[in-house]
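Student: Questions regarding the structure given below will be posed in turn.
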Amino acid sequence: MEATAFAHPNIALVKYWGKRDTDLNLPVAGSLSLTLGGLSTTTRVRYRDDISRDIVILDGKELRQGSRAYQRVVEFVQLVRNESNHDYFAEVETANDFPTAAGLASSASGFAALALAATSAAGLHLLDEQLSALARRGSGSAARSIYGGFAEMRRGSRKDGHDAFAVPIAGPEHWDLRCVVAVTTQGEKDISSTEGMLRTQESSPLFTPWADTVAGDIVEATDAIKARDFQALGRVAERSCLGMHASAMAADPGVIYWNPTTLELIHRVRRARRDGLQVFFTIDAGPHVKVFCPARELSAVRSVLGQIGGVSDLIVARPGEGAALVAADAVNA
Ligand code: DP6
Numbered sequence: 001m002e003a004t005a006f007a008h009p010n011i012a013l014v015k016y017w018g019k020r021d022t023d024l025n026l027p028v029a030g031s032l033s034l035t036l037g038g039l040s041t042t043t044r045v046r047y048r049d050d051i052s053r054d055i056v057i058l059d060g061k062e063l064r065q066g067s068r069a070y071q072r073v074v075e076f077v078q079l080v081r082n083e084s085n086h087d088y089f090a091e092v093e094t095a096n097d098f099p100t101a102a103g104l105a106s107s108a109s110g111f112a113a114l115a116l117a118a119t120s121a122a123g124l125h126l127l128d129e130q131l132s133a134l135a136r137r138g139s140g141s142a143a144r145s146i147y148g149g150f151a152e153m154r155r156g157s158r159k160d161g162h163d164a165f166a167v168p169i170a171g172p173e174h175w176d177l178r179c180v181v182a183v184t185t186q187g188e189k190d191i192s193s194t195e196g197m198l199r200t201q202e203s204s205p206l207f208t209p210w211a212d213t214v215a216g217d218i219v220e221a222t223d224a225i226k227a228r229d230f231q232a233l234g235r236v237a238e239r240s241c242l243g244m245h246a247s248a249m250a251a252d253p254g255v256i257y258w259n260p261t262t263l264e265l266i267h268r269v270r271r272a273r274r275d276g277l278q279v280f281f282t283i284d285a286g287p288h289v290k291v292f293c294p295a296r297e298l299s300a301v302r303s304v305l306g307q308i309g310g311v312s313d314l315i316v317a318r319p320g321e322g323a324a325l326v327a328a329d330a331v332n333a
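Given below as structure tokens:
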């Protein structure tokens, strides 16, 4: 009744923003992402008959029972318990090997690894699509981290959400890209993506027009990925990102994730492109900028980004594998 799994975070190239059902965590529209290797979350789940509540340990520290983070994990573990024929409490031990300050969604890798470890430890063997739909309940973006390489999250149309899962588009070996995360000095406290997207859909007049563009953007991005057309992928990715942020900024009150360095990076990336570098950017619910380039352009891109004063760190990731179990003997070694 024990299993360990790892998963990588992912970066959306066509953004997920907005929910049509908050209980089942169903998205308003689909999305598309690249799973990032080199950064991972490892999670061990042990069902124990000698504990009287779930225990959650994150990066070596036990989470407080009433905390939001604890609650999120326990609610998720309960979903798995409901599907299995045992009612033991779980000890969940999870660790990220990348700094949370990097602004990379640890909830994506976290719930993907937890979905796999919690179901395996319970003796449930789900298909990837079922695992993806389950991971979605923890965090929408986690549904995509079940797969390596490029993945498409399907909106689905069923009320029960059973068809709202991600599917693979192309494996990590398909395209030798790099994603450089330019970590900008943290400004004010972040508004979580959940909070930001709910406020946007409730109050922004730009939300629906933006959401209506997503399905077309997914088709265009998929074609660009299959053809390894960097320029076409960059065009749709920047458009999706800026549209999402514009809709958030038009909420009431406006949701603004950027700081001055974020904007400086946007301009710098575009200037580098005019100067002949193959490069594009995307930004999630935070001030950091993720810059994509073909592997051969990496050193040039690093030197451009490294010259910007407000950039405190550059983290380089490459296309990564999907969520996987860690063999028991590898864990005990
Ligand atoms: C901007 O997956 O964190 O990164 O489903 O509420 O947990 P919840 O939201 P989350 O949202 C991610 C938003 C985004 C875009 C994306 O990853 O597609």
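Under full-length UniProt numbering, think of the first position of the sequence shown as 1, with each following residue one higher.
Ideal placement from N, C-alpha and C gives every residue a C-beta, glycine not left out.
#1: Output needed for G171: all residues of its chain with C-beta closer than 6 Å, excluding positions within five of it in sequence on either side, in chain order.
#2: Taking 8 Å as the cut-off, is the C-beta of W17 nearer than that to any heavy atom in the ligand DP6?
#3: Is N96 near the ligand DP6, judged by its Cβ being under 8 Å from some heavy atom?
#4: I'd like to know whether the C-beta atoms of A7 and L116 end up nearer to each other than 9 Å.
#5: What are the boundary residues of the beta strand (DSSP E) that F150 is part of?
#6: For R228 and R270, I'd like the C-alpha separation in whole angstroms.
#7: Judging by CA-CA distance, which residue of Q130, S107, K159 is the nearest neighbour of D23?
#8: Skipping 5 residues on each side, what residues in its chain have a beta carbon closer than 6 Å to that of D190?
#9: Which two residues bound the contiguous beta strand (DSSP E) that contains D160?
#10: Can A215 be considered in contact with the ligand DP6, in the sense that its beta carbon sits closer than 8 Å to one or more heavy atoms?
#11: Which of helix, strand or coil does DSSP assign to S247?
#12: Can you have a look at V28 and say buried or exposed, based on whether 16 or more other CB atoms are within 10 angstroms of its CB?
#13: Which ranges does the beta strand (DSSP E) cover as unbroken runs of at least 3 residues, wholly within the region 63–150, from first to last along the chain?
#14: Below 8 Å on the Cβ atoms is my contact criterion, and I expect D54 with V77 to pass it. Report the Cβ-Cβ distance as a whole number of Å.
#15: Is any heavy atom of the ligand DP6 found at a distance shorter than 8 Å from the C-beta of I191?
#16: For I11, is the beta carbon positioned less than 8 Å from some heavy atom of the ligand DP6?
#17: Indicate, with yes or no, if the ligand DP6 has a heavy atom lying under 8 Å from the CB of D21.
#18: By how many angstroms is the C-alpha of Y16 removed from the C-alpha of D155?
#19: On the DSSP bridge list, what partners appear for D313?
#20: Helix, strand or coil for G254 per DSSP?
Tutor: The short version:
#1: Within the sequence shown, numbered from 1, the residue matching residue 171 stands at position 171. Cβ within range, chain order: G148, G149.
#2: The count along the sequence shown starts at 1 and reaches residue 17 at position 17. For the ligand DP6, at least one heavy atom lies less than 8 Å from the Cβ of W17.
#3: One-based indexing of the sequence shown puts residue 96 at position 96. The answer is no for N96.
#4: In the sequence shown, residue 7 corresponds to position 7, counting from 1. In the sequence shown, residue 116 corresponds to position 116, counting from 1. Their beta carbons are under 9 Å apart, which means A7 touches L116 by this criterion.
#5: By one-based count along the sequence shown, residue 150 stands at place 150. 150–153 is the extent of the beta strand (DSSP E) around F150.
#6: Position 228 of the sequence shown, counted from the first residue, corresponds to residue 228. Position 270 of the sequence shown, counted from the first residue, corresponds to residue 270. Taking the straight line joining both Cα atoms gives about 20 Å.
#7: In the sequence shown, counting from the first residue as 1, residue 23 sits at position 23. That would be K159, whose Cα lies nearest to the Cα of D23.
#8: Residue 190 sits at position 190 when you count from the first residue of the sequence shown. Taken in chain order, the residues that qualify are G286.
#9: The residue labelled residue 160 in the question sits at position 160 within the sequence shown. Run containing D160: none; DSSP gives neither H nor E here.
#10: Taking the first residue of the sequence shown as position 1, residue 215 is located at position 215. False, no ligand heavy atom lies under 8 Å from that Cβ.
#11: On the sequence shown, position 247 is the one that residue 247 refers to. Helix.
#12: Within the sequence shown, the letter at position 28 stands for residue 28. It counts as buried.
#13: 89–96
#14: Stepping through the sequence shown from its first residue, residue 54 is reached at position 54. Stepping through the sequence shown from its first residue, residue 77 is reached at position 77. Their Cβ separation, rounded to whole angstroms, is 6 Å, which keeps D54 and V77 in contact under 8 Å.
#15: Position 191 of the sequence shown holds residue 191. Outside the cutoff, so no.
#16: The sequence position of residue 11 within the sequence shown is 11, counting from 1. Yes, Cβ of I11 sits closer than 8 Å to a heavy atom of the ligand DP6.
#17: Taking the first residue of the sequence shown as position 1, residue 21 is located at position 21. Not under cutoff, so the answer is no.
#18: Position 155 of the sequence shown, counted from the start, is the residue given in the question as residue 155. Position 16 of the sequence shown, counted from the start, is the residue given in the question as residue 16. Going by the sequence as given, residue 155 is Arg instead of Asp. C-alpha separation (whole angstroms): 10 Å.
#19: Stepping through the sequence shown from its first residue, residue 313 is reached at position 313. According to DSSP, D313 bridges with V183.
#20: Here residue 254 corresponds to residue number 254 of the sequence shown, with the count starting at 1. Residue state, collapsed to three classes: coil.
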